[in-house]
Amino acid sequence: QVQLVESGGGLVQPGGSLRLSCAASGTIYTLKTMGWYRQAPGKARELVARITSGSLTNYADSVKGRFIISREYGQNTVYLQMNSLKLEDSAVYYCNLNWETGGVDYWGKGTQVTVYA
7 QVQLVESGGG
17 LVQPGGSLRL
27 SCAASGTIYT
37 LKTMGWYRQA
47 PGKARELVAR
57 ITSGSLTNYA
67 DSVKGRFIIS
77 REYGQNTVYL
87 QMNSLKLEDS
97 AVYYCNLNWE
107 TGGVDYWGKG
117 TQVTVYA
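Add 6 to the 1-based position in the sequence shown for my numbering, that's all there is to it.
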């Protein structure tokens, strides 16, 4: 089993920054993609950014140039540095882990990010 625990959410004004962290524990294999998704009220969950075991990254168009995803090898931790935050970035952010060899997705419980004017 895999557990994902997010931290780092909070309140911030437009233009501010936050850094989210997600720590994975349990039986963790090397070939995995970890990422961040978000869900705002009344909207579907959407990909924000993800990083593969080979350090390939991809981002939603809406966050390119503002958010940076990174990972800490050996500790199974992924980070999301969010800069120049906008009102529309407000959402619950979920950490995701997916085995690159196929199989079940794992999700964290989510952390709230609120950008307020």
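Even glycine gets a Cβ: it sits at the ideal position worked out from N, Cα and C.
Within 8 Å, strictly: CB atoms of residue i and residue j
i	j	result
Val98	Gly116	yes
Ser128	Tyr65	Past the boundaries of the shown model lies residue 128; the chain is included only from 7 to 123, so the question cannot be answered.
Ala30	Asn104	no
Gly80	Glu12	no
Leu91	Pro20	yes
Arg25	Gln87	yes
Gly41	Asn102	yes
Distance, residue j Cα to residue i Cα
i	j	result
Thr107	Lys38	8 Å
Gln9	Cys28	10 Å
Thr120	Gln7	31 Å
Gly14	Leu62	23 Å
Limits of the unbroken beta strand (DSSP E) element including residue i
i	result
Gln118	Thr117 to Val121
Val98	Ala97 to Trp105
As assigned by DSSP and simplified to three states, the class of residue i
i	result
Leu91	coil
Val8	strand
- Item | Secondary structure, beta strand (DSSP E): runs of 3+ residues fully inside the region 10 to 84 | 16 to 18, 24 to 32, 38 to 45, 52 to 57, 63 to 65 and 73 to 78
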